[in-house]
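The structure appears right after this line, and notes come after that.
Number of protein chains: 2
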Amino acid sequence: MSSTVAKALSLLDYFSEAEPEIGLSELARRSGVDKATVHRMLGVMCDYGLLEKRGDARLYRLGAGVLRLARVRETAFPVTSIFQQVLEMLSAELGETAHASLISGHALATIGVSESNRGSRVSLLAGEILPMHSTASGLVVMAFSKPELVDRLLGEPLAAKTSRTITDPSILRARLQEVALTGYAESDQTNEDDVYGIAMPVFDSDGAVTGAIAVATPAHRMTNDLRQQVIAALFREAEKLNYSLGGRPPAAFRTAASRYRPD
Amino acid sequence: MSSTVAKALSLLDYFSEAEPEIGLSELARRSGVDKATVHRMLGVMCDYGLLEKRGDARLYRLGAGVLRLARVRETAFPVTSIFQQVLEMLSAELGETAHASLISGHALATIGVSESNRGSRVSLLAGEILPMHSTASGLVVMAFSKPELVDRLLGEPLAAKTSRTITDPSILRARLQEVALTGYAESDQTNEDDVYGIAMPVFDSDGAVTGAIAVATPAHRMTNDLRQQVIAALFREAEKLNYSLGGRPPAAFRTAASRYRPD
DNA sequence: TCCCGTTGGTTCATTATTATCACCAGTGGT
DNA sequence: ACCACTGGTGATAATAATGAACCAACGGGA
Chain A
0 MSSTVAKALS
10 LLDYFSEAEP
20 EIGLSELARR
30 SGVDKATVHR
40 MLGVMCDYGL
50 LEKRGDARLY
60 RLGAGVLRLA
70 RVRETAFPVT
80 SIFQQVLEML
90 SAELGETAHA
100 SLISGHALAT
110 IGVSESNRGS
120 RVSLLAGEIL
130 PMHSTASGLV
140 VMAFSKPELV
150 DRLLGEPLAA
160 KTSRTITDPS
170 ILRARLQEVA
180 LTGYAESDQT
190 NEDDVYGIAM
200 PVFDSDGAVT
210 GAIAVATPAH
220 RMTNDLRQQV
230 IAALFREAEK
240 LNYSLGGRPP
250 AAFRTAASRY
260 RPD
Chain B
0 MSSTVAKALS
10 LLDYFSEAEP
20 EIGLSELARR
30 SGVDKATVHR
40 MLGVMCDYGL
50 LEKRGDARLY
60 RLGAGVLRLA
70 RVRETAFPVT
80 SIFQQVLEML
90 SAELGETAHA
100 SLISGHALAT
110 IGVSESNRGS
120 RVSLLAGEIL
130 PMHSTASGLV
140 VMAFSKPELV
150 DRLLGEPLAA
160 KTSRTITDPS
170 ILRARLQEVA
180 LTGYAESDQT
190 NEDDVYGIAM
200 PVFDSDGAVT
210 GAIAVATPAH
220 RMTNDLRQQV
230 IAALFREAEK
240 LNYSLGGRPP
250 AAFRTAASRY
260 RPD
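Top to bottom, those sequences are chains A and B. Under numbering that gives the first Met the number 0, the first sequence has 162 at position 163, and the numbering climbs by one with no breaks. Under numbering that gives the first Met the number 0, the second sequence has 163 at position 164, and the numbering climbs by one with no breaks.
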């Protein structure tokens, strides 16, 4: 963790939809890195287009380089566009917010959101980073990941995002067992108060999890009827998604899916 | 240039549409960096989601993190979507390939392409990096950039992309003077054989250049009639673009635009 | 007006990180 | 069996990163 490139790259994560432009001192304060060091790193990242300085203001923001890199990846492996279609289908059918995320390092990166048009709905920030241990998407991803990844993730301390967040690794492991059996994960306000999430895994052609699609509702609105409806829709769309992306769900997930009966 | 983060970030630029997945040894060979070093850097960049390993194959590719970062930037400052509309307008009207690029470090990053539907047309790779000195877009960007940026760019050796590429800094400076007067730049096979490009600058709210839109045709097809048509269309679309993006063209460009008469 | 707390940015001696080499194990082709 | 690759790993030498102190500039507030 004390690698310099790691420190430099970690600076990128402070830029968000809510705060797309940050100054030098502010960034140094938050990251805990010295101002001079941050300055040098920002300079290099500007040179490579990952960041850029707004002309007059002395603020930094994400640069054109990230747009370019995303284009390169998306052209070679078009996933966001395919995910987006599925999300819009889901949110239209269920009237709730749907979102998709991919494994990115040791967390999840939100790469697509489709909000419902209801007055009361769950909102997500575009490009938000979701923790593995406190979200439905994270649980379902861990449940189908290789044990060594889970070990690494549960080795670090688990932040209590709400009062209901599971922070005990052994309890969490038990949850993962259940999730692996059912094929989907639920989160009742474990990441954010008043948000209930249900997530389904998405796989690549090697049978490895790559991410998840999920539906989030205000917690009070989640009845058992809606739950069943959401789960059925997610199973259906996840299968379509795996087909479109060439994903091969592992046996564990296929049997879970076939075992599923609305109760 | 000998900074480690610079070396690490430079590795990203080896991933392209044409070659989206690269192995460790290959990357070490091209970058000229030691295999062990590359390995450590790739590991860190994987940790931060900029890269990822394809499950079975031991190849690296751009990760979900770049998708996320691009989303964050695009949500905060939606430019690619606006550019894309303009590009489609241009390619439809002119029947030639149109593309847009933004300043990214000391080069240009292609962030949008709209190819014509003709049989013979110019093709660009998505997310391609365009040199400043050999492309019409680069010339027009430099022509309206601050002198210190131009000095930095012309201080480094200029690669001869074709036999017609201008590699002499002083000759190039003279060209930039002309370009600043006319408001647009032309490139007759200076970046790629048989490609003729015409580019127009795009500005931000501070009057600084941020990028360019351009039309590229097969060189033999560029008649004076077509030239005039392209230039007129680019002036028109550039103005619309500056309006949509809140860009304020500097006086130098506005007078150039008003001075323009088809000859 | 002065003062004070900011800001972005720079410098340089110290030190901790990083590069390099050699090595290992696995794989695919001949 | 061999060879030429591949991805990956460790220990030491050398380099590059660090962080405190220091500027200049800006914006209030009194």
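Positions of the beta carbon are idealized from the N, C-alpha and C atoms, including for glycine.
Contacts of residue i in chain B (Cβ-Cβ under 7 Å)
i          : result
Thr-79(A)  : Leu-66
Arg-70(A)  : Ile-110, Ala-125 and Gly-126
Ser-103(A) : Gly-48, Gly-62, Ala-63, Gly-64 and Arg-67
Glu-11(A)  : Here the sequence assigns Leu to residue 11(A), which means Glu is not the residue at that position. In chain order: Leu-68.
Ala-75(A)  : Glu-16 and Pro-19
Euclidean distance between Cα positions of residue i and residue j
i          : j          : result
Gly-196(B) : Ile-165(A) : 59 Å
Ser-186(A) : Asp-192(A) : 11 Å
Ile-102(B) : His-132(B) : 13 Å
Phe-232(A) : Leu-89(A)  : Residue 232(A) is actually Ala in this sequence, not Phe. Those two C-alpha atoms are separated by around 7 Å.
Glu-92(B)  : Gln-83(B)  : 14 Å
Met-199(A) : Lys-145(A) : 17 Å
Ala-251(B) : Gly-126(A) : 38 Å
Gln-228(A) : Asn-190(A) : 22 Å
Leu-157(B) : Ala-207(A) : 45 Å
Ala-184(B) : Gly-62(B)  : 36 Å
Leu-138(A) : Val-178(A) : 7 Å
Leu-66(A)  : Val-78(B)  : 10 Å
Thr-279(A) : Val-32(A)  : Past the edges of chain A, shown from 0 to 262, lies residue 279(A), and the structure says nothing about it.
Arg-28(A)  : Phe-14(A)  : 14 Å
Ile-212(A) : Thr-109(B) : 30 Å
Thr-222(B) : Leu-11(A)  : 47 Å
His-219(A) : Glu-95(A)  : 13 Å
Ser-162(B) : Lys-239(B) : 36 Å
Gly-111(A) : Leu-68(B)  : 12 Å
Ala-17(B)  : Arg-258(A) : 43 Å
Gly-118(A) : Arg-60(A)  : 32 Å
Thr-297(A) : Asp-46(B)  : A question about residue 297(A) goes unanswered here, because the residues of chain A that appear run from 0 up to 262.
Leu-124(B) : Leu-124(A) : 31 Å
Thr-209(A) : Leu-58(A)  : 34 Å
Lys-52(B)  : Gly-246(A) : 16 Å
Thr-74(B)  : Arg-70(A)  : 15 Å
Leu-107(B) : Pro-130(A) : 35 Å
Ala-173(B) : Leu-180(B) : 11 Å
Phe-202(B) : Pro-19(B)  : 31 Å
Leu-153(B) : Ile-170(B) : 11 Å
Thr-216(A) : Ser-115(A) : 10 Å
Gly-48(A)  : Val-85(B)  : 23 Å
Ala-56(A)  : Phe-76(B)  : 16 Å
His-38(A)  : Leu-23(A)  : 7 Å
Val-194(A) : Ser-136(B) : 48 Å
DSSP bridge partner residues for residue i (one or two, in chain order)
i          : result
Val-112(B) : His-98(B)
Ala-106(B) : Ser-103(B)
Gly-22(B)  : Leu-58(B)
Ile-263(B) : Within the shown structure, residues of chain B are numbered from 0 to 262, placing residue 263(B) beyond reach of any answer.
Lys-52(A)  : Tyr-59(A)
heavy atom of the ligand GDP below 7 Å from residue i C-beta
i         : result
Val-71(B) : You won't find the ligand GDP in this model; it holds no ligand whatsoever.
Chain A residues whose Cβ lies nearer than 8 Å to that of residue i
i         : result
Leu-44(B) : Rather than Leu, the amino acid found at residue 44(B) in this sequence is Met. Going along chain A in sequence order, the residues near Met-44(B) (Cβ under 8 Å) are Val-4 and Leu-8.
Proximal residues of chain B, C-beta to C-beta of residue i below 9 Å
i          : result
Leu-244(A) : In chain order: nothing, as chain B lies at least about 13 Å away.
Chain A residues whose Cβ lies nearer than 7 Å to that of residue i
i          : result
Met-263(B) : Lying outside 0 to 262, the shown extent of chain B, residue 263(B) is not represented and no answer is given.
May I have a chain-ordered list of the beta strand (DSSP E) segments no shorter than 3 residues that lie completely inside the stretch 151-225 of chain B?
-> If we require 3 residues or more, the beta strand (DSSP E) runs fully inside the stretch 151-225 of chain B come out as 184-187, 194-202 and 208-217.
Determine which residues of the stretch 85-100 of chain A have a Cβ less than 9 Å from any Cβ of chain B, and write them out in chain order.
-> The residues in question are Ser-100.
Given a limit of 7 Å on CB to CB distance, which residues of the stretch 18-36 of chain B reach chain A?
-> For the stretch 18-36 of chain B, the residues whose beta carbon sits under 7 Å from a beta carbon of chain A are, in order, Pro-19.
Which residues, in chain order, does the stretch 113-142 of chain A contribute to contact with chain B at a C-beta distance below 7 Å?
-> So the list reads Ala-125 and Gly-126, given in the order they occur along the chain.
If contact means a Cβ-Cβ distance below 7 Å, which residues of the stretch 221-234 of chain A contact chain B?
-> So the list is empty, because no residue satisfies the distance condition.
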